[in-house]
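Chains as they are written, first to last, in this note's numbering: chain A, 49 to 252; chain B, 49 to 252.
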DNA sequence: CGACAAAACTAACGATTGTTAGTTAAAACT
DNA sequence: AGTTTTAACTAACAATCGTTAGTTTTGTCG
């Protein structure tokens, strides 16, 4: 019995180690991708940042494409799940939009590099991954659009063109990662309140 | 006299032709850069889109870098000039912000591909061009920031964190190029009014 | 028509790309 | 202790990169 348990523990450690090494590569690569873009970063660049040779990377990953795919699909799922949670709630459109703003900020704080790749390098995905991510993006936007339209129909949102509202908010949220660094000491909850205020009530 | 005039006319045609061919290359390249990014587009890609061989491009341009530089510096100057015009005006902060929104839309309509390069590929500029564009960007943001701060100090803008206001508006304006295609039949003036409304008065 | 220049071409360069094969040192398991 | 596995390495591959040199085609002027 002890032997059996030991086996499981070691198996988990094994999985964890292997997983950790791959995660290191993904993490290091994501930083480089954010700075220069996927195409401008070579496997040798990634290897150098990991203090190894390019060929050694292939002991842990199948190729450059897998790094990008891992990076992007991961955060795309994060957004999709968060949006589905909000959609399932029984609350007003305005309340839902507030929730969207808030989870965008939360996800940005922990997935800044992933978001950079999602925003700027999604077109370099291939095959199924590309289709999947594009589909998730379209569904996401369609959900957001439906919330806005409902808000307008209920008279709770000012009757501007839904597309203008959608992309005004979404553009701001999607590029939040760019100046999150400068956020510095600004507390996340204060940022949430400020952004909800600015995006919903405007600035005048 | 007729000969002299003829000479000038032909000179202009000559300049125009040479310039036009270079401009064609820059225009075609900008479209490719917008779709895949500077680093993912090869000189052979550009040549193919122009129905020529890569080597022939060098009869008109000095290299790939010049294309990027031409593209980015051109629109950066456009924004800088527009901002300086607004700064020189004697009008309220709110009025200035409206003007900024409007010229962003105007410039986006005619320089969509240039803006894509400015947003996504500025870091691939080299030497003087890189420094120059970064400087212009910093100055631009500083001007915008001062307008916002003044508006808050005068009590005309709600006292949110200036940085949040600045980047909320600027993110929307900078990524406008992404969905300008979808704008379709929407009139530019209607778009201006909608965006001013959404960005200044919010959506509730 | 002949002269000349503009703008295309072919061919090739050295460098870099992502990736594979085969090897070796260290670590882990039996 | 002996065996196997992990994860690094060196070396090299075919392909592609931006760019240059030299040549040929095209078109325009006198």
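We put the beta carbon where it would ideally sit given N, CA and C, even for glycine.
- For residue 125 of chain B and residue 167 of chain B, the gap between their C-alpha atoms comes out near 14 Å.
- For the 8 Å CB-CB criterion, residue 234 of chain B and residue 153 of chain B do not form a contact.
- A direct Cα-Cα distance of roughly 16 Å separates residue 137 of chain A from residue 193 of chain A.
- Contact between the stretch 160-179 of chain B and the stretch 82-94 of chain B is established, with three or more Cβ pairs separated by less than 8 Å.
- Each of B:225, B:227, B:223, B:217 was checked against the Cα of residue 252 of chain A, and the nearest Cα belongs to B:217.
- Taking 8 Å as the CB threshold, residue 98 of chain A stays off the interface with chain B.
- For residue 166 of chain B, no Cβ of chain A is located within less than 8 Å of the residue's own Cβ.
- Taken atom to atom, the span from the alpha-carbon of residue 155 of chain B to that of residue 142 of chain B is near 20 Å.
- Comparing alpha carbon positions, the residue from B:118, B:80, B:127 closest to residue 185 of chain B is B:127.
- Counted as a single uninterrupted DSSP element, the stretch harbouring residue 172 of chain B is not any alpha helix (DSSP H), since DSSP gives it neither H nor E.
- DSSP places residue 73 of chain B in the helix class (H, G or I) of the three-state scheme.
- Counting every other CB atom within 10 Å of its CB across the protein chains shown gives residue 232 of chain B a total below 16, marking it as exposed.
- In this chain, the alpha helix (DSSP H) harbouring residue 237 of chain A covers 236-244.
- The beta-carbon of residue 78 of chain B is placed no less than 8 Å from the nearest beta-carbon of chain A.
- When 8 Å is used as the limit between beta carbons, residue 208 of chain B is near these residues of chain A: 242, 245, 246, 251, in chain order.
- Listed along the chain, the chain B residues whose CB falls inside 7 Å of the CB of residue 213 of chain A are 246, 251.
- Bounds of the alpha helix (DSSP H) holding residue 225 of chain A are 224-231.
- Within the model, the alpha-carbon separation for residue 69 of chain B versus residue 161 of chain B is close to 18 Å.
- Only 142 from the stretch 123-152 of chain B bring a Cβ to less than 7 Å from some Cβ of chain A.
- At a C-beta separation below 9 Å, residue 84 of chain A has these neighbours in chain B: 87, 171, 172.
- Taking all protein chains shown into account, residue 146 of chain A has 16 or more neighbouring C-beta atoms within 10 Å of its C-beta and is therefore buried.
- Three or more pairs of CB atoms, one per stretch, sit closer than 8 Å, so the stretch 174-185 of chain B contacts the stretch 106-126 of chain B.
- Close CB contacts of residue 159 of chain A within its chain, under the 6 Å cut and outside five residues either way in sequence, are with 123 (chain order).
- When the Cα atoms are used, residue 214 of chain B and residue 225 of chain A turn out to be separated by approximately 15 Å.
- For residue 240 of chain B, the CB contacts under 8 Å within the same chain, skipping 5 residues up- and downstream, are 149, 150, 153 in chain order.
- Two segments are said to touch when three or more pairs of C-beta atoms, one from each, lie closer than 8 Å; by this definition the stretch 96-104 of chain B touches the stretch 70-77 of chain B.
- A:113 is the residue among A:113, A:130, A:237, A:140 whose C-alpha sits nearest the C-alpha of residue 81 of chain A.
- Shown here, residue 189 of chain A sits in a helix according to DSSP, grouped into three states.
- Within the stretch 101-166 of chain B, the complete alpha helix (DSSP H) segments at least 4 residues long are 112-136, listed from N- to C-terminus.
- Within chain A, not a single residue places a beta-carbon under 8 Å from that of residue 156 of chain B; the smallest gap is close to 12 Å.
- Judged by their CB atoms, residue 195 of chain B and residue 249 of chain B are not nearer to each other than the 8 Å cut-off.
- Residue environment analysis places residue 223 of chain A among the buried positions, since at least 16 neighbouring C-beta atoms fall within 10 angstroms of its C-beta.
- Distance from the CA of residue 197 of chain A to the CA of residue 247 of chain A, rounded to the nearest whole angstrom, comes to 16 Å.
- For chain A, the residues of the stretch 214-228 of chain B that bring a beta carbon within less than 7 Å of one of its beta carbons are 215, 216, 219, 220, 223, 227, in chain order.
- Exposed is the label assigned to residue 203 of chain A, since fewer than 16 other Cβ atoms lie within 10 Å of its Cβ.
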